[in-house]
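Worksheet: the structure to be examined is printed underneath.
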Amino acid sequence: MHPWIGAGHDDRRNILEELGLSSIDDLFASVPPQVRVAGLDLPGSSDEESVRRSFAEMASTNTTMNSLPSFLGAGVYRHVRPSVVDAVLSRAEFFTSYTPYQPEISQGTLQAIFEFQTLISRLAGMEVANASLYDGATALVEAVLFSHRTLRGKRNRVVVAETVHPLYRSVLATYVEATGIEVNVLAPGPDGRIDPAAARAALRDDSCCLAIQSPNFLGILEDLPGLAEAAREGGALACEVVAEAVSLGILAGGGSLGFDVVCGEAQSFGVAPGCGGPHLGFFACPEKHVRQMPGRLVGQTVDEDGQRAFCLTLSTREQHIRRAKATSNICTNQGLMALAATVWLELVGSTGLREMATSCLARSEELKRRITALAGPWRLAYPSSPTFNEFLLVGPGPSSELVDQLSAEGVLAGVPTAAWGGSWPDGILVAVTERTSASDIDAFVGALGRVG
Amino acid sequence: MRRRALRTEPLIFERNPHRAGRRGYNLPPMDVPEVDPSAVLPAALIREPDPHMPDVSEMEVIQHFHRLSQLNYAVDEGLYPLGSCTMKYNPRLNEEVARLSGFSAIHPLQPVKQIQGALRVMWELGEALKSITGMAGVTLQPAAGAHGELTGILMIRKALAARGENREVVLVPDSAHGTNPATASFAGFRSVEIPSGEHGTVDLGALDGLMDEQVAAVMLTVPNTLGVFEHRIVEIAELVHGRGGLIYLDGANLNSFAGRASPGLMGADAMHINLHKTFSTPHGGGGPGAGPVVVSEALVPYLPTPRVVRRDDRFELVWQDPDSIGPLRGFFGNFLILVRALAYIRSLGADGLREMSEVAVLYANLVRHRLKGTYHLKYDTPSLHEVVFDDSIQARHEVHNTDIAKRLLDYGFHPPTMSFPLIVHGALMIEPTESVAPDEVEAFCDAMIAIAREAETEPELVRSAPHETPVRRVDEVRAARNLKVRWTPEE
Amino acid sequence: MTVPIELLYNRSHEWARVEGDTVVVGITHYAQDQLGEVVYVELPEVGTGVDAGDELGTLESVKAVSEFLSPAAGEVIEINERLEEEPNLVNDDPYGDGWLVKISGSTEGEDLLDAEGYQEFLEQESD
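Chains as they are written, first to last, in the working numbering: chain R, 49 to 500; chain G, 24 to 514; chain L, 11 to 137.
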């Protein structure tokens, strides 16, 4: 008898008796014999202590970002995670409940999502935002499909900056393969940024979307106003992808710079790195396009007594109703992660977010300064290009080997770009956050000195 | 029992409008030189401070979300019999292990030797899912069931292309969940409906007529959305395979037969599994879920990347493979959800998983037995872990399934799934799952019977429900007509 | 409830009012009743060419989306812009202010029913 199964032996017998059956097997008579199995080829059940011990052991073999100074980024960032976030997420009323299809007993979830939509739309500089998507990579996909739909399917090309995260671009390639949308990748200039004139030329007059990430994969800030203008001239929708959401604490969201979509990854807002998931995609756009927006949406309304209430709305765009004509494949949002971000943003506050972003910037600039001051083989790949909290570092050898050597020197130095070749030198992407202390910086610089 | 007062909770933006300098969190102290952003960043990119973003204290946040939580019904409160959602208990052990910093504080792009424990979790889960389903290959990457469906259909598409075939059609039963045809059309196929026969199962004659060399795949849910097992599944698979098509199974209802039947033996080529259904990971108010896909030998080459592979006692990642369909999202999958599912599988074990489906089916049949006669059962065929009634008896008194659902809220239960599948008008799809004690299932049946009586004697009470919830019936039409999806300062 | 005598109907519950070279199109009372309260109407662009039976646009209620089809061949010359702010007109006055589009074209040769024929069709449908 397992504790997670509610019926005891006697319970089962009593119910079978009530149903006039002699054995549970009778209930499975409709399962044809050819597909039956007598049991599973798995170990038997385990008590809680044993499971706890075996998982603790597996967890302990991993090197966490708390155990050594860590500078890993490339789309997953190590920001503060206040204890309040997990305390709220652990409330059963939030984490064990379902999608709020019955609004009368889900106002907690619905109001939290409404607050999330408000926070994201304000950060993005847009009028509306949805209830979240799976992650940054799929958010880019949704932005491309959205652009295609909004222009009524008459333009089948999209131009995507090469400096959009290579992983996001691979996911886009998987998706568009079936749709007939052609993706053209636009290389950055020697400063690691996309030139608006090059973007305009690449768009021609048959593209539906120009997708730009800022800060980009190399950590560099793109010329967003210039690129928005290029898209406008080309008759395409301008889409900003954000992989490091804390940057919105000090940088303007694309909506206020002329972009038509701001989307990306909000894992930085209180979601654990968690070896890559679950994370938190977001999507924001002007109100005039709200019906083309993918994913779930919470709207404000009233109940029978005129009291303010919230409910899911515009569900008819979603696939459980529109079926073959749905706006997208997304059926769910990342509900609990959106809640985490909502709690985090409200706790940190607008002042706190600005301070955090400024802290990230200051620490990153300090590390860049210290590296530049080092004699020796290490150098910044793009010393003159503006960055926020991440930059590309080139050293005396292949990036993966350097990362291994620096680990041995006690520093998780960053993400090697070896796996993602492109119009940039092979190097290490170094990310810095408000959690990177002065002694972490010393450790990093010290380790660089001992390697190469 | 007296009720206690529940205050309505304002939006966070309605707090501290006069900017009283409240603080919710203190950051680590600045131990590096300060920087003036305008000195370092291009001026055009710098954000203007937004006076309408909140600044509140820590306790305000705690109280805000505590009060909001009190407005929600949850699985922990009572029966949540949503058909096809499998709202079972979310074990606290799962929550504990998923929060180990050895799992939560690792980065997916660390060198593989630094995250062997994480790769082991994924490897073991993959092997367990293959074992449970009798299938040859697996991907843990998809973030949800629908995501898994798309993954499976894209693999099927690639496999057929590799065979040099250009099939354009996917067949889907009329009882299927909307994600099925949506996925098919998204992947570039045209979806065609197979009508259900008189028992609510696939009409084999109709399938025979529709299955030809234009059909790439048939998407089936087993048991189907009525909880009825497709008892001719082997024949169906043979028919489809015989004409060069593949079988996609929607695994949403795996809770009904895990440990008893094998999708591999059914002839499945791909099947997604909803970890947030069968394998107890929490629904989270609408995610995150996880939708791993198990595949037959034929589809193994096309599995997404990156993949976890085992070499002796080490684990590695394969990021590139020319036959793969590529990645469907960033990184490996919803890893912290995968951890929970593995903990569940290890805890239940082979014997526990079999018990799980037994009791799930037992309870659903108890509900069927108790409510039959009171509510109309359109299809008399035996059902497994869920049962679909409809409101046609109550409709004679102008009481519809929505009204019954809203009245159930007054009895302290979450309603069943409504108006699905589409082939049953006014449907009420009930899936109790195996988690609760029998008392809870019985209390639910008593409530449903009481409401049926009310529908006859006091229909207006049912039509005007709910009466006891934090808000009364919500005007969803107005929400769609006067669209307001964020707070604005003019309030 | 009887349907207006002067209109023509098709089997997908749209009506057509012929005004010289123009055909006014809407959905019937039965259709709006089935749909429920309309929250949004998606109308075609003026200038779109259509054949009889083509999808002209969609009508959204809270729970469903329904296409409406053209009963005539021709070109869309006018759309009912009031429906953007007042989609409820489709429910409240389906044969009058709730009209959907005007097409320059003709219903000639199309397999449409007259009022009596449509009434009979409705009675068969509900059997």
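We put the CB at the ideal spot given by N, CA and C, even for glycine. Because the structure is a prediction, the values reported are computed rather than measured.
Give me, in chain order, the residues of the same chain whose beta-carbon lies closer than 7 Å to that of Ala-62/L; leave out the 5 immediate sequence neighbours on both sides. Ser-80, Pro-81, Ala-82, Ala-83, Glu-120
Identify which residue in Gly-46/L, Thr-58/L, Asn-90/L, Val-35/L has its Cα closest to the Cα of Val-75/L. Gly-46/L
Mind checking if Arg-213/G is an interface residue toward chain L, Cβ cutoff 7 Å exclusive? no
Rounded C-alpha distance that separates Val-79/G from Glu-394/R: 7 Å
Show which residues of chain R have a CB atom less than 9 Å away from the CB atom of Lys-429/G. Gln-150, Glu-152
Could you pull out every unbroken beta strand (DSSP E) segment of at least 3 residues lying fully inside the stretch 335-372 of chain G, listed in chain order? 337-341
Where Thr-397/G falls: helix, strand or coil (DSSP): coil
Inspect the beta-carbon positions of Thr-166/R and Ile-348/G and report whether they are closer than 7 Å. no
By DSSP, does Glu-100/G sit in helix, in strand, or in coil? coil
Just the chain G side, please: which residues come within less than 7 Å of Pro-431/R by C-beta, in chain order? Under the 7 Å cutoff, chain G gives no residues; its nearest Cβ is about 13 Å from Pro-431/R.
Could you check whether Gly-123/R and His-196/R sit closer than 7 Å to each other, using their CB atoms as the reference points? no
Out of Pro-246/G, Glu-150/G, Pro-489/G, which has the shortest C-alpha to C-alpha gap to Val-225/G? Pro-246/G
Give, in chain order, every residue of the stretch 499-511 of chain G whose Cβ lies closer than 7 Å to some Cβ of chain L. Glu-499, Val-500, Ala-503, Arg-504
Minimum Cβ-Cβ distance from Ala-491/R to chain L less than 7 Å: no
Per DSSP, the bridge partner or partners of Arg-27/L: Val-34/L
Between the CA atoms of Gly-106/L and Ile-369/R - distance to the nearest angstrom: Because the pLDDT of Ile-369/R is 49, which lies under 50, any placement of that residue in the model is unreliable, and the number read from its coordinates should be weighed accordingly. Using only the alpha carbons, I get a separation of about 29 Å.
Do Glu-449/R and Arg-498/R have their CB atoms nearer than 7 Å? no
Kindly indicate which three-state DSSP category Arg-370/R falls into: helix, strand or coil? The predicted model places Arg-370/R with a pLDDT of 49, which falls under 50 and marks its position as unreliable, so this point remains unresolved.
Nonlocal neighbours in the same chain, by C-beta distance under 7 Å from Glu-52/L, ignoring five residues either side: Gly-67, Thr-68
Residue of Arg-486/G, Tyr-386/G, Arg-504/G minimising C-alpha distance to Leu-67/R: Tyr-386/G
By alpha-carbon positions, which one of His-408/G, Pro-51/G, Leu-288/G ends up nearest to Thr-248/G? His-408/G
What residue ranges within the stretch 231-287 of chain G form continuous beta strand (DSSP E) runs of no fewer than 3 residues, ordered along the chain? 238-244, 269-273
Can you name the residues of chain R whose CB is closer than 9 Å to the CB of Pro-56/G? Ala-410, Glu-413, Glu-414, Arg-417
Compile a chain-ordered list of the residues in the stretch 335-359 of chain G whose CB is closer than 7 Å to at least one CB of chain R. Trp-342, Ile-348, Gly-349, Pro-350, Leu-351, Arg-352, Gly-353, Phe-354, Phe-355, Gly-356, Asn-357, Phe-358, Leu-359
What is the rounded straight-line gap between the Cα of Asp-59/R and the Cα of Pro-461/G? 7 Å
Counting only Cβ pairs nearer than 8 Å, list the residues of chain R close to Ile-256/G. Pro-80, Val-83
Going by the beta-carbon positions, is the gap between Glu-313/R and Ala-332/R smaller than 7 Å? no
If you draw a straight line from the alpha carbon of Trp-426/R to that of Asp-490/R, how long is it in whole angstroms? 15 Å
Please confirm if Gln-367/R has its CB atom under 7 Å from at least one CB of chain G. The predicted model places Gln-367/R with a pLDDT of 47, which falls under 50 and marks its position as unreliable, so this point remains unresolved.
Say whether chain R places a C-beta atom closer than 7 Å to the C-beta of Tyr-434/G. no
So if DSSP puts Cys-359/R in a beta bridge, which residue, or which two residues, is it bridged to? Gly-347/R
Answer yes if the stretch 311-331 of chain R comes into contact with the stretch 120-131 of chain G, meaning at least three C-beta pairs across the two stretches below 8 Å, and no otherwise. yes
CA-CA distance, Glu-118/L and Pro-104/L? 23 Å
Asp-214/G, DSSP secondary structure in three states: For the sequence presented, residue 214/G should be read as Ser rather than Asp. Ser-214/G: strand per DSSP, three-state reduction.
Terminal residues of the alpha helix (DSSP H) in which Thr-202/G lies: 202-209
So does Pro-263/R have its beta carbon nearer than 6 Å to some heavy atom of the ligand GDP? In the structure shown, the ligand GDP is absent, as is every other ligand, since no ligand is present at all.
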